[in-house]
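Residue numbers (the numbering used here): 197 to 396.
Worksheet: one structure, shown below.
Rendered as structure tokens:
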């Protein structure tokens, strides 16, 4: 197996693959990914993230949870749509559900706790890429469904920030065009008036 990429290469070349298959990341590789996740920025050191690992036959169970939740939300949903929902967890050999266990905190609003969990999810995807695996991030209505949360051991007030699908890319991921960084950057400056400068 090829050696891991360095950090800058991994950050600047990661892209979502079109499909994933076996082999899944090994236990050692997954441990590295989760360790990277826990280095995400975390205001107040609340460590709000939770990682729910779904693999093997458990994916079929998750598929049933997703289909049941969809049927509750949409009682008249077509069987073909239910079947597609049930099959979603089979898109990859390993799934990491990243969630934020939210709490009230006087100086860390819940949106910052969700962002911290999102940063942890991003670290997992970048680490997976660095280790020569592939991964993509999905949410959808299931991420906001109370029954899905409860089935995964979460509370109604917790937030699922993503279902991360991980495995080996079915085919090489096409190189992405170089981003136009300048079109997304504004250099903001301030000017101190002479009167203000004299009073400081």
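Every residue, glycine too, gets a C-beta built ideally from N, C-alpha and C.
What residue from the options has the CA that sits closest to residue i's CA?
i, options, result
"residue 259", "350, 330, 221, 288", "288"
"residue 408", "241, 290, 358", "Nothing can be reported for residue 408, as the shown portion of the chain is limited to 197 through 396."
"residue 245", "307, 306, 354, 296", "296"
"residue 293", "226, 221, 247", "247"
"residue 413", "283, 272, 318", "Outside the modelled stretch of the chain, which goes from 197 to 396, sits residue 413, for which no answer is possible."
"residue 284", "272, 266, 226", "266"
"residue 345", "226, 261, 211, 333", "261"
"residue 313", "273, 369, 223, 232", "232"
"residue 214", "348, 365, 351", "365"
"residue 290", "225, 279, 386, 264", "225"
Output the distance between the C-alpha atoms of residue i and residue j, rounded to the nearest integer angstrom.
i, j, result
"residue 217", "residue 340", "27 Å"
"residue 363", "residue 382", "37 Å"
"residue 353", "residue 251", "25 Å"
"residue 205", "residue 361", "21 Å"
"residue 373", "residue 203", "19 Å"
"residue 327", "residue 199", "7 Å"
"residue 282", "residue 256", "8 Å"
"residue 309", "residue 350", "15 Å"
"residue 277", "residue 378", "42 Å"
"residue 227", "residue 333", "19 Å"
Do residue j and residue i count as a contact pair if the criterion is CB distance below 9 Å?
i, j, result
"residue 209", "residue 325", "yes"
"residue 320", "residue 331", "yes"
"residue 298", "residue 355", "yes"
"residue 229", "residue 221", "yes"
"residue 301", "residue 240", "yes"
"residue 369", "residue 223", "no"
"residue 315", "residue 236", "yes"
"residue 263", "residue 274", "no"
Label residue i either buried or exposed according to how many other C-beta atoms from any shown protein chain fall within 10 Å of its C-beta, with 16 as the threshold for buried.
i, result
"residue 197", "exposed"
"residue 305", "exposed"
"residue 322", "buried"
"residue 371", "exposed"
"residue 425", "Outside the shown range of the chain (197 to 396) lies residue 425, about which nothing can therefore be said."
"residue 238", "buried"
Margin query: Ignoring anything shorter than 4 residues, give me the alpha helix (DSSP H) runs that lie fully in the stretch 306–346, in order along the chain.
Written below: 306–326
Quick one: complete alpha helix (DSSP H) runs, 4+ long, within the stretch 241–292? For secondary structure counted as the alpha helix (DSSP H) over 4 or more consecutive residues, the stretch 241–292 holds these complete runs in sequence order: 254–269, 275–283.
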